[in-house]
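As structure tokens, the structure follows; a few thoughts come after it.
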Amino acid sequence: MPLRLPRLRINKLWLLLGAALILGVAAAILSVNYLKGREQRISEELARKAKGGPTIPVVVPTRELSLGTPIDQKVVAAREVLADLLYDDAVTADQFDKVAGKRLLKPVLPGRPLRFSDVQDDRAKDLSTALEPGLRALTFDIDETNSFAQMLRPGNFVDLYLIAQDPGAPSPASQEVRALLPKVKVMATGQTIKGSPEAAPADPMAAQARQQSAYTNITVEVTPAQAARIALAQQVGKIRAVLRNPDDDKTSGFAKLATPSLFRDGNEPSVEYIVGGKSGGTGSTAPISINMPNLSIPGMSAGAQAGSPGANFSPGQSSAFSGQPAALGASVPSVPTGAR
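Residue numbering for the sequence shown follows our numbering, starting at 1491 and increasing by one per position.
In structure tokens:
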């Protein structure tokens, strides 16, 4: 009788439970490792924040310094200070040579970072230091009109116009106005610079004293090319300044205006006139003289009209001929004065 081995039967339910158990243990291990890593990173970040982050060596006074104290190595030292606690103009240790030997503009406390604004600047505080790099200051004379009755102030903006002879006009008396430069910044009026106490005094007496000391020129901030343009315009004609709102950035769209266009508004001027004799009547009827300068009469030749500008005309006459016009004289007889 042959030997039979028992057949092993694997329960699928236990197999699924075992697989789930293994996966659960693996997931737990991975979760624990992730949480430990995250905890470590958070701890390191908190420790870094507790230390204050990166530091920068700056110059600090070793004792309280009064106004006018010269800065040298005896009164200052280098100290590590948190970068986010420093002002932009703080004097760092490698910038000490820029302030060495200079005097303080105000008292400073020990241990506080020294700032460039605390130190006296050797450069003169004048118009040149107020200029932006790449720009120039140009001064030109003005009158009472251009100064807006002495109310123009440093920091205002103006449009500049040039008034000069019209090169395209036959008459030398004809002038034109051209837009020269838009929105030009006024840096100074006379000797008053923007930011100086004289620019906007709060004391009424000071304002009255400033009004009495009137200025006769202004200084504007321009580019080198604009400076050359204004300098040439001063030789060609007269510059007129027009005040504008500092927040207005729109262009005016104006180019130029000539004298002939000043008296026209889209329509040519016209004059109504009557040519002919006077109807009969009693009494003396002397002709009336009418002075019409530069009047063009239809039907007259150019040579006749150019004879005498502003010539006197009588009813039924022109400057080119006397007596009745040919067409009227042939059809209407002349009536003696006083005839009925």
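Virtual Cβ for every residue (Gly too), placed ideally from N, Cα, C.
Would you mind reading off the limits of the beta strand (DSSP E) that contains residue i?
{"i": "L1572", "result": "1566–1572"}
{"i": "D1631", "result": "1626–1631"}
{"i": "T1619", "result": "Not the beta strand (DSSP E): T1619 falls in the alpha helix (DSSP H), residues 1617–1620."}
{"i": "P1547", "result": "1545–1551"}
Quick one: grab the DSSP three-state call for residue i.
{"i": "D1737", "result": "coil"}
{"i": "I1653", "result": "strand"}
{"i": "F1647", "result": "strand"}
{"i": "K1539", "result": "helix"}
{"i": "L1722", "result": "helix"}
{"i": "A1659", "result": "coil"}
{"i": "A1678", "result": "strand"}
{"i": "K1592", "result": "coil"}
{"i": "R1528", "result": "helix"}
{"i": "A1810", "result": "With a pLDDT of only 42 at A1810, under the threshold of 50, the placement of this residue in the model should not be trusted, and no figure is reported."}
{"i": "L1599", "result": "coil"}
{"i": "R1639", "result": "Position check: residue 1639 holds Ala in this sequence, whereas Arg was assumed. If DSSP states are grouped into helix, strand and coil, A1639 belongs with coil."}
{"i": "G1508", "result": "helix"}
{"i": "S1742", "result": "coil"}
{"i": "G1727", "result": "coil"}
{"i": "A1704", "result": "coil"}
{"i": "Q1716", "result": "helix"}
{"i": "E1634", "result": "coil"}
{"i": "D1611", "result": "coil"}
{"i": "S1821", "result": "Residue placement at S1821 is poorly supported in this model, since its pLDDT is 44, which falls under 50; the coordinates are not used for a value here."}
Which residues in the same chain have their Cβ closer than 7 Å to the Cβ of residue i, if we skip the five residues on either side of it in sequence?
{"i": "M1677", "result": "L1617, A1620, A1627, P1644, I1683, K1684, T1709, V1710, E1711"}
{"i": "K1675", "result": "F1647, V1710, E1711"}
{"i": "Q1701", "result": "Its pLDDT being 49, under 50, Q1701 is placed unreliably in this model, and the coordinates cannot settle the point."}
{"i": "T1545", "result": "E1570, V1571, L1572, A1573"}
{"i": "I1500", "result": "none"}
{"i": "A1583", "result": "P1547, V1548, V1549, A1568"}
{"i": "A1717", "result": "R1626, L1628"}
{"i": "T1741", "result": "P1672"}
Return the chain-ordered list of same chain residues with a C-beta closer than 6 Å to the C-beta of residue i, the five sequence neighbours on each side being excluded.
{"i": "R1668", "result": "L1652, K1746"}
{"i": "V1726", "result": "A1654"}
{"i": "R1553", "result": "P1600"}
{"i": "R1734", "result": "F1647, D1649"}
{"i": "A1692", "result": "In this prediction, A1692 has a pLDDT of 44, which is less than 50 and means its spatial position is unreliable; nothing more can be read from the coordinates."}
{"i": "G1743", "result": "none"}
Just tell me which of the options has its CA closest to the CA of residue i.
{"i": "L1670", "options": "V1571, R1719, R1605", "result": "R1719"}
{"i": "A1580", "options": "R1553, F1606, A1723, N1501", "result": "F1606"}
{"i": "V1565", "options": "P1714, E1622, P1603", "result": "P1603"}
{"i": "D1578", "options": "D1562, R1593, D1608", "result": "D1608"}
{"i": "K1728", "options": "F1630, S1751, A1715, G1527", "result": "F1630"}
{"i": "G1658", "options": "S1751, K1502, L1513", "result": "S1751"}
{"i": "K1588", "options": "P1597, K1596, P1560", "result": "P1560"}
{"i": "L1575", "options": "G1543, R1593, K1596", "result": "G1543"}
{"i": "P1714", "options": "L1557, A1731, E1622, P1660", "result": "E1622"}
{"i": "R1730", "options": "L1722, D1649, S1556", "result": "D1649"}
{"i": "D1737", "options": "K1673, N1707, Q1724", "result": "K1673"}
{"i": "R1705", "options": "Q1585, E1634, F1744, D1739", "result": "For the record, residue 1705 in the displayed sequence is Tyr; it is not Arg. Cα-wise, what sits closest to Y1705 is E1634."}
{"i": "A1590", "options": "P1597, V1598, K1596, Q1610", "result": "Q1610"}
{"i": "L1642", "options": "L1511, I1532, V1732, L1507", "result": "V1732"}
{"i": "L1555", "options": "V1598, T1741, F1638, G1680", "result": "V1598"}
{"i": "N1707", "options": "G1743, F1744, S1637", "result": "S1637"}
Per DSSP, residue i forms a beta bridge with which residues?
{"i": "E1666", "result": "A1654, A1748"}
{"i": "S1501", "result": "At residue 1501 the sequence reads Asn, which differs from the Ser that was named. Looking at the DSSP assignment, N1501 forms no beta bridge with any residue, so it has no partner."}
{"i": "A1580", "result": "R1605"}
{"i": "P1560", "result": "R1593"}
{"i": "V1732", "result": "D1649"}
{"i": "L1555", "result": "V1598"}
{"i": "L1671", "result": "L1650"}
{"i": "I1683", "result": "A1678"}
Excluding sequence positions up to five away, which residues of its chain have a Cβ less than 8 Å from the Cβ of residue i?
{"i": "D1656", "result": "S1664, Q1665, E1666, A1748, T1749"}
{"i": "G1558", "result": "R1593, L1594"}
Tell me where the alpha helix (DSSP H) around residue i begins and ends.
{"i": "V1712", "result": "Not the alpha helix (DSSP H): V1712 falls in the beta strand (DSSP E), residues 1707–1712."}
{"i": "K1588", "result": "1586–1589"}
Examine the ligand PLP and report whether any of its heavy atoms sits within less than 7 Å of the Cβ of residue i.
{"i": "A1717", "result": "With respect to the ligand PLP, the structure shown offers nothing to examine, as it has no ligands at all."}
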